[in-house]
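Written out below as structure tokens is the structure these notes cover.
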Ligand SMILES: Cc1ncc(C[n+]2csc(CCOP(=O)(O)OP(=O)(O)O)c2C)c(N)n1
Ligand SMILES: Cc1ncc(C[n+]2csc(CCOP(=O)(O)OP(=O)(O)O)c2C)c(N)n1
Ligand code: SF4
Ligand code: SF4
Ligand SMILES: [Mg+2]
Ligand SMILES: [Mg+2]
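Protein chains in written order, with my numbering: chain A, 235 to 852; chain B, 235 to 852; chain C, 15 to 354; chain D, 15 to 354.
Spelled out as structure tokens, the structure:
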């Protein structure tokens, strides 16, 4: 469907599209993340479904123009339900040759390139490792729809009369690119104008400069003959309600705030900065009005220790880190298991081993959190599936921690943490109440006397008269919690701790099969691969393939019905961004011959990769 | 067979026995460990096969007379091949009521009790929780062969004329007990006399006092009519050669000394004290003449870090700890995996989780060392089977570390560490040479260029001209080792590291089946359960049961033939002192429906427990 | 396990017995730890603080078993991390009286970093460092306070590590209250406990403690009759640095950053001041015995600085004063849109 | 990657270029780290040490990328642990010139314990602490040296942690060489590097370093023309503590453990001495700017103490001198018996 548009300029085609993926790519200093963010917002407000994938370098500011310095932001937006940032992009905005080089492999054949030619000089080409300018290469040009745009010079022009230093003018060029994309995808400028006003309000010259650059980009699209059509992606038909765009890390922070508010206790956040977990700390430190205490500790060990100390004292102690930092917390997590105190440990996974790929995503810490402590040290593990789901996962983890008096691990990852999606805003009232009852009655109090149903011990906090007692990491006597070295007591306690965690299976929803309850292939996943797997499954199911999906939130214990579910399929495919960790767990637990499908590239799955793999099995 | 003996006293029966287990039990201050040690030595020199199990309290000196303060030493000695300290004991030497109480459950019905009645007063009985004196209980007396011996007063008597302070005299009473046991089991006094001389030489009054106490005990046995028979346990028929009695921790220390000597490089030992690993540090610090550097670090992290720094510089860096300390080393172990440097991490496992049961044994850290690091971080894991085997395991771990340029984990445990067995002394010449070649040639040097066979990278140490290079924990580019964030390189390197470790399977012996190569039940174990499992299997095989045994030294990778071996048996039993960790590994690796048999009491398996379990399956 | 009858303290006739738990004390007979425990159980009832407000947090070591023997709230944590746990406790409820019990290995070896960070933050916890110059619980290895050349289980031919001096380190970390006592000086110890109880911010008390089994006599010079008189100098704010038996009093001059022993009545004798902001005076004072002088016992430094937990709680309170958090408002913040 | 031609150094005409690796330097344009790198690459060739003897060990942080840019042996380890790795390196081969590169977060936050223990042991490593009062690599959280009230990513309404002062802490840990310079003072920095290169035992150099992105201007008072003249005091052993522009020279008196600003020619001006054994003088010197004075640049303290690696190696050598270890003798030690 196409209609005609164009106000002052040439008559242009307005083409309706279902789904578009754009990648903004440029130097770290080029403001690509901000540009992406704004475009995301515009798409969200326009009612599209969307999914984003920011991808930035490990260096703060790698040398200008180098491949190492490229910062990218990909957004996929659609009039239908989508789940991933897109396997390949329709439009690539490349602010320099390095950006072109690192992203071109992800551009669809025939896709649009908006290249800032001002930056395609010899020096920059060389820095990117190009021997000649690809934009001038005939074959290249025939493969793509290349638009050479003088973004820098046109921005400078637009600001000419403002007497800005040129480097300030240059810093506005991302708004020019944004304006051009707004025109191309029929988005209004107004919300961004307002946002600029708000953000730069204190520096009027910034407001003016950025706004002008934005408009210049828009008008450039509208007026020049370079572009013969622009596009519209209509509202998606996802559930009605109030939405916002949310990243996983912000959702996680909100989840803990909401959970502790619902519990009526304080949140104590002990953390040590580490990519990609730091943003949760940043977010929470802005919300002290919820009674949130954020403690930037001297290291991860102090962070988890202080959190456990806070839990002992009646706050919900939470600690958050990424793989290498989680390794350091192992010993204190073990103490949490032994002392049976509520605590949540959030692991925002990144590429490893060791320092690895700090800014890239991976989901390879599942076995670490399951087993990375001395001796038998069981605790529940839950994983978030999408950015917005981080909110609900935080609530679920908090619920389990307090109800079962146990440390709980949340697994998120770099992709969820930084990526975003439109999120249907829950109402506070919709979040279940989870009132906490501290023990206050001295009569009959024993620190390790368990609730018959949950097997949880009482939460008896300092300051409560008559409940003075001592806990610690040495094996405890059943009921009294006193130090006890007896053989039978030890075996009893080891099995009791195990049974308590295993028993949580009764308190979690059964695994939900998406698609037929039995059939040829079951694809079972966990964590941030949800979007890609779902998209692949939907596509295949639409074609009538006998494939179903289970996505696990609870990784320990597994849902009670999981064995039965697995038994209903001929083949079990387990796609993971690791070498097969959930796969191992399913194998030892259910002796099922899982098929592992692994990718360890610091990047999410592409839908196409999954479809191809599943098709092999059908 | 019985002959008559007795010199000055009553005519006595000399009865020949095959196997005897004695437990010495008393207060921590009673010198039971020393007594046990001496008896062990006497048994060893007499050519018995033997196995010991020291068991001491967590407190340095718990209050005198309490159950918590009981220190025990069990020795099993035999004229045939034995493998464990014995399920139950024939003789219990109980220096006080608490010792009687904690050990009586392990005494065979009808077994001999030598009780130091001087300590069975009301106060001591009460401390042990006895309401009345069991020695006076008729039923009790009918169940055992009770000998009430005034050990304290007789010792004092023997030393009467020496004008010692009474507490010094009392400290000799363990030698009285030892002397009595020497008589009872026909052991000569001479070696112990000599040992006393050597040990206390500087304090002649000690020499005299202890010697007299020893003799008094011996003569008491010989002369009184209380004992109607004494016993002889003849030489066992184990392989001829030179032997010594050795504990696991000493053997481990010797193994590393031997390995590095054979490699021609220095041993750097970075450790932080922790029970039951500290003794390895203590032992090594006595052998600096081998070029051993022992570094007691500020904590476990510094210990492993310094060890890795030493390895980078051309020493063999080794670090040794127990579970909670190993947890702290995880991050640096990951760096070792990434930088592909040789290093050995020895984990002397103890009861957990958390601080757990620090002085008790367990084998529950297998999954921790397999998976307790962020992301995919594979390394070889080897385990020792007996105290003496710790020597060979240390050599094997060192060999793998250097040959494959990788950190290697050794698993030992509290039982192996402190327990001992007669050990056939190898000759230095029998230990394979393992010369190390550092890279020196600058031409063609690339830090991550691999040996085509082993996949190991070169070991290029600081100080070598022309080999200047940089390594670190960020993902490395293939061949050059430069920092590299590219997706495909990452996947390649993750898989390469994995393949390197998996490839070691080619270089290790196949799993050896003890017994028929196929049949009804295969019992598969690892680590310190070797003795108990072997004893059980031997007993059952002797009865013609269809049961075979595999004991794994290599836990990662598994021996290449393991899958095939498993396939030849109907049932696979995996006895472990944990909740089933090897069992999990076999299940996910081979999809075999293992039967787990677990005990988590801080104590080794009893042979009888295993026999009963196996019989269930036959 | 506590008794089941609530004691609300507050001058309500708490006694020593109220602070004794039902657990058998398991230190070696003759260990210096007993005296410290006894003194604590005597001092606490006098503080007019309800018993349930006391929390004892410890790491691992012989000393660290202390909380089990106190009938208060207690947390026996992991090796070296007690100050971090205690920070979480104190910040969660600043109303509690939080005591950290640690050994020289626990506090200074594995736990050195948490120790210095709690001190520089001025977290209101009261840290008692049982310094016996050895690892007791693990049976006799040298510690960071053991003297160079110490022969121990792990250094049979002598250690090659220079020791740390806990009070000097504490001053380097800018601890606001730094003091020392011995396990044999009951009255002095009690006075120190009381001063700590009343100090806001971190207080560190080094107790020279005898490990009778693995390092007997390490401090005899400062604790035994006939020796301590010559070797100990009691500190009093505003009083001259003098010490020694009545008939042979000496003074200490710290003029020009040097330690000099002078006559007790010399005008050069330095007058003690606990409020040493810049810390240089306290630093040199912490080293008097290393320079040939007596060991100073008492409060070396005591300065006022708002404690961490107060700043933390105030910040939250201030934020809340501007409007308590509302979940709906939070979720609806930023750009939102209605989808129909 | 090194070039494949061996350079044996030793006055063999090594140049700055020989110390530049082929890796592109990836700090932000304008970062103070560049100047430190450049200076190091200039100083090392002058030391007459063969290139292959240099080892640079670092933790994690922007600063910690340093080793990648030096064409020497380099080990980029894990966060905070560089001093421990370096200890292993130095002890394994005391002949190497071992440099540790660390940031204020790396060295003082997560790594504080290893730092103080390497200093108290006097391990012969040369530690350069790039203090930019912020976490650069993780994009702008406050660090242990950030001022109270700092507004950063993790403290949007101001931090409530009192800072550590690295040199004060180092003195508390009895570091044998303690110095300070700035990233803008090329010549002074070079002089400091040289002094460190020649010091046996641990040397710690704090470099006031500008993080242009997350904490720009943190040290401008001490580095920018027009300000630094008034605010910086250069230390020279044996020379009075004076500072300030020619026409307004001032002196510092540290009499009686207080910091006083006096006239440059006042008799009260304190004379600098680097050999301050007891450390109290250096302690107060490290705090002069906190008490309203200028920031001292140069060597605050330098004392001689045999380094750890020497004692360690000597102990092994002594043991070996009594008879090199023989495996057979070892295995046959203790009670043995022949079985037939
Ligand atoms: C992570 C860890 N490492 C090591 C240990 C072993 N350990 C327990 S206490 C201790 C040192 C005790 O010394 P100190 O703190 O001086 O206390 P003391 O026993 O002398 O009172 C050590 C090394 C442990 N429990 N945990
Ligand atoms: C165990 C661990 N925790 C946290 C991090 C994240 N991290 C990397 S560098 C850094 C701090 C850097 O600050 P600083 O040492 O001051 O160096 P700068 O970047 O300022 O030079 C942090 C928190 C990490 N890499 N590893
Ligand atoms: S070992 Fe030493 S410190 Fe520990 S309880 Fe015994 S005497 Fe006390
Ligand atoms: S973030 Fe700061 S410290 Fe790091 S490279 Fe950039 S300017 Fe330098
Ligand atoms: Mg101690
Ligand atoms: Mg910094």
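All C-beta atoms, glycine included, are put in the ideal place defined by N, C-alpha and C. Here the structure is a predicted model, which means the values were calculated and not measured.
Please look up how many angstroms separate the CB atoms of residue i and residue j, rounded, as I've assumed it's under 8 Å.
{"i": "residue 173/D", "j": "residue 143/D", "result": "Between residue 143/D and residue 173/D the Cβ distance is about 20 Å, and since that is not below 8 Å, they are no contact."}
{"i": "residue 71/D", "j": "residue 322/D", "result": "So it is not a contact: roughly 16 Å between Cβ atoms."}
{"i": "residue 618/B", "j": "residue 644/B", "result": "7 Å"}
Going by beta carbon distance, what residues of the same chain come within less than 8 Å of residue i, once the five residues before and after it are set aside?
{"i": "residue 707/A", "result": "568, 569, 572 and 573"}
{"i": "residue 515/A", "result": "503, 505, 507, 528, 530 and 554"}
{"i": "residue 262/A", "result": "290, 291, 293, 294, 295, 296, 303, 304 and 305"}
Give a single yes or no on whether residue i has its beta carbon closer than 8 Å to a heavy atom of ligand 6.
{"i": "residue 145/D", "result": "yes"}
{"i": "residue 217/D", "result": "no"}
Between residue i and the rest of its own chain, which residues show a CB-CB distance below 6 Å, the 5 nearest in sequence each way excluded?
{"i": "residue 326/D", "result": "105"}
{"i": "residue 358/A", "result": "299, 330 and 331"}
{"i": "residue 308/D", "result": "245, 246, 247 and 257"}
{"i": "residue 146/D", "result": "223, 225 and 229"}
Compute the minimum distance between the beta carbon of residue i and the heavy atoms of ligand 2, and state whether it is under 8 Å.
{"i": "residue 151/D", "result": "yes"}
Under the criterion of a Cβ to heavy atom distance below 8 Å, does residue i qualify as lining ligand 4?
{"i": "residue 732/B", "result": "no"}
{"i": "residue 80/D", "result": "no"}
Confirm the yes/no value for this check: CB of residue i, any heavy atom of ligand 3, distance under 8 Å.
{"i": "residue 41/C", "result": "yes"}
{"i": "residue 290/B", "result": "no"}
In its own chain, which residues sit with a C-beta less than 7 Å from the C-beta of residue i, not counting the 5 before and 5 after it?
{"i": "residue 233/D", "result": "196, 222 and 224"}
{"i": "residue 727/A", "result": "709, 710 and 712"}
{"i": "residue 596/B", "result": "583, 584, 585, 586, 647, 811, 812, 834 and 836"}
Residue i: buried (16+ other C-beta within 10 angstroms of its C-beta) or exposed?
{"i": "residue 846/B", "result": "exposed"}
{"i": "residue 672/A", "result": "exposed"}
{"i": "residue 171/C", "result": "exposed"}
| query | At which residue ranges does the region 767-791 of chain B contain complete beta strand (DSSP E) runs of 3 or more residues, listed in the order of the chain? | reply | 781-786 and 788-790
| request: Mind listing, in chain order, the continuous alpha helix (DSSP H) runs of no fewer than 4 residues lying wholly within the region 248-301 of chain D? | output: 294-299
| In chain order, what residues of the region 337-352 of chain D put their CB closer than 7 Å to some CB of chain G? | In the structure shown, chain G does not exist; the protein chains are A, B, C and D.
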